[in-house]
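Trainee:
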Amino acid sequence: MRVFEEKSRAELIGKKSYWQISDLGLKQVEFDYDPELLMLILDKARRIRDEASEKRHLNLRFIRKAHVAIPEILELVHYPGRLDRLSELAGTALEPYPVSVISSTITFMGANPDDGTVAWHTDGVPATEIVPLAMHDIDGGELQIYHGDYEAGFTRLGEHGALPERDLITVPHRLGASTLAQLMRVLHRTAPIRSGYRVSLNMNLRSRDQPFIDDNPLYYLAADNPDYDWIDQYLSDVRVRQVPAYLASRRPAKS
Ligand SMILES: O=C(O)CCC(=O)C(=O)O
Ligand SMILES: [Fe+2]
Numbered sequence: 001m002r003v004f005e006e007k008s009r010a011e012l013i014g015k016k017s018y019w020q021i022s023d024l025g026l027k028q029v030e031f032d033y034d035p036e037l038l039m040l041i042l043d044k045a046r047r048i049r050d051e052a053s054e055k056r057h058l059n060l061r062f063i064r065k066a067h068v069a070i071p072e073i074l075e076l077v078h079y080p081g082r083l084d085r086l087s088e089l090a091g092t093a094l095e096p097y098p099v100s101v102i103s104s105t106i107t108f109m110g111a112n113p114d115d116g117t118v119a120w121h122t123d124g125v126p127a128t129e130i131v132p133l134a135m136h137d138i139d140g141g142e143l144q145i146y147h148g149d150y151e152a153g154f155t156r157l158g159e160h161g162a163l164p165e166r167d168l169i170t171v172p173h174r175l176g177a178s179t180l181a182q183l184m185r186v187l188h189r190t191a192p193i194r195s196g197y198r199v200s201l202n203m204n205l206r207s208r209d210q211p212f213i214d215d216n217p218l219y220y221l222a223a224d225n226p227d228y229d230w231i232d233q234y235l236s237d238v239r240v241r242q243v244p245a246y247l248a249s250r251r252p253a254k255s
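Take the sequence shown: its letters are residues 1 to 255, numbered as in UniProt numbering.
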């Protein structure tokens with residue numbers, strides 16, 4: 001498997017961090033997913049784009065809970081060997097992000113302002129795998145990461161409206177390779193697209209042993225998904241997985 005990009009979390013943000021699932025920053029590696037399955041997902045995404053995607057904020061057009069409209073995404077989420085491979089890359093055991101409204105998305109980014117490119121933000125989910133499904137005639141559209149503390153970065157953005165080029169790490173996407181990244185509390189965006197477009201599938205992940213390491217506040221999930229039909233699933237995850245794991249992690253180690 002070819003590795004195209006590799007950065008630790010400390011390399012991305014220039015310091016150690018506490019709220020993290022592992023030292024993973026990002027790794028972009030060639031994948032072995034079935035090209036026909038990817039094409040099928042892309043075809044369906046294109047067909048339902050107008051009714052199923054929304055550009056609500058952050059200049060990002062995406063299909064929420066994409067695996068509900070396109071169940072073939074679940075085949076990819078559970079693709080043989082995938083979780084083991086990604087866990088190995090992350091340096092910690094991963095599991096699919098369980099809250100259905102945010103576990104998988106399809107993003108449409110392009111030069112056409114109707115699409116756009118995602119503005120500066122930090123991810124709520126601890127880790128994500130970004131799989132480019134289509135990249136057509138693209139100029140721009142790389143993943144850009146602020147090499148610094150996210151709070152300081154947001155403050156600079158507030159004061160100056162932009163971040164200095166010298167403090168950015170720019171990672172191009174590649175067809176045939178996916179980017180596994182831990183972008184929770186890491187300020188990033190997609191660089192503006194001057195021509196062409198990209199369609200991507202994002203499959204979100206979290207730590208199997210520390211599922212409470214997360215940055216998705218309820219108000220944010222609710223603003224994005226105002227029907228609240230995910231709340232029972234969320235609460236049951238807190239009760240059954242997050243709280244027991246959290247309490248176990250706080251227990252003093254036996255000597
Ligand atoms: O696709 C990209 O370049 C980044 C997407 C992203 O940051 C997101 O969807 O949260
Ligand atoms: Fe992001």
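Just so it is clear, CB atoms sit at the ideal spot from N, CA and C, and this is done for glycine as well.
Pull up the distance between the alpha-carbon of Thr155 and that of Ser22, whole angstroms please.
Mentor: C-alpha separation (whole angstroms): 26 Å.
Trainee: Write down every uninterrupted run of the alpha helix (DSSP H) in the segment 97-134 whose length is 4 residues or greater and which is fully enclosed by it, in chain order.
Mentor: Taking only runs of at least 4 residues, the alpha helix (DSSP H) segments lying wholly in the segment 97-134 are 100-103.
Trainee: In three-state DSSP terms, what is Arg2?
Mentor: Coil, per DSSP.
Trainee: Straight-line CA distance for Ala177 to Leu247?
Mentor: Taking the straight line joining both Cα atoms gives about 38 Å.
Trainee: With Pro132 and Arg198 assumed to form a contact (beta carbons below 8 Å), what rounded beta-carbon distance in angstroms separates them?
Mentor: So it is a contact: roughly 6 Å between Cβ atoms.
Trainee: With 7 Å as the threshold, decide whether the Cβ of Arg47 is near any Cβ in chain C.
Mentor: Included in the structure is just one protein chain, with no chain C present.
Trainee: Over what stretch of residues does the beta strand (DSSP E) that includes Ala245 continue unbroken?
Mentor: Unbroken run through Ala245 is the alpha helix (DSSP H), 243-250; no beta strand (DSSP E).
Trainee: Going by DSSP, which residues form a beta bridge with Ser195?
Mentor: Answer is Asp139, bridged to Ser195.
Trainee: Along the chain, where does the alpha helix (DSSP H) that runs through Ser53 open and close?
Mentor: Per DSSP, Ser53 belongs to no alpha helix (DSSP H); it is in the beta strand (DSSP E), 53-55.
Trainee: Looking at Gln144 and Ala90, is the spacing between their C-beta atoms short of 7 Å?
Mentor: The answer is no: Cβ separation not under 7 Å.
Trainee: What whole-angstrom Cβ distance do Gln182 and Arg47 have, given they're in contact under 8 Å?
Mentor: Contact doesn't hold; Cβ gap of about 32 Å is too wide.
Trainee: Just to confirm before moving on: does the CB-CB distance between Asn59 and Val125 stay below 7 Å?
Mentor: No; because the gap between Cβ atoms is not below 7 Å, this pair is not in contact.
Trainee: Run through DSSP, which three-state label would Val238 get?
Mentor: Val238: helix per DSSP, three-state reduction.
Trainee: Where does the unbroken beta strand (DSSP E) through residue 264 begin, and where does it stop?
Mentor: Because residue 264 is not part of the residues shown, which for the chain are 1 to 255, the question remains open.
Trainee: Please list the segments of the beta strand (DSSP E) lying wholly inside the segment 20-81, counting only runs of 3 or more residues, in order along the chain.
Mentor: Fully enclosed beta strand (DSSP E) runs of 3 or longer: 24-30, 53-55, 61-63.
Trainee: Can you list, in chain order, the residues of its chain with a C-beta nearer than 7 Å to that of Thr105? Leave out the 5 residues immediately preceding and following it.
Mentor: Counting only Cβ-Cβ distances below 7 Å, and skipping sequence neighbours, we find Phe62, Ile63, Arg64, Ala66, Asn202.
Trainee: Between Thr122 and Tyr150, is the Cβ-Cβ spacing less than 7 Å?
Mentor: Their beta carbons are under 7 Å apart, which means Thr122 touches Tyr150 by this criterion.
Trainee: Answer yes or no: the CB of Ser103 versus the heavy atoms of ligand 1, is any distance below 6 Å?
Mentor: False, no ligand heavy atom lies under 6 Å from that Cβ.
Trainee: If you reduce the DSSP assignment to three classes, tell me which class Arg174 lands in.
Mentor: It is coil, neither helix nor strand.
Trainee: Out of curiosity, what's the CA-to-CA distance linking Leu180 and Met109?
Mentor: If I take the Cα positions, the gap works out to 19 Å.
Trainee: Kindly give me the distance between the Cβ atoms of Ala127 and Leu94, rounded to whole angstroms, as I take these residues to be in contact under 8 Å.
Mentor: Yes, they are in contact, since the Cβ atoms of Ala127 and Leu94 sit about 6 Å apart, within 8 Å.
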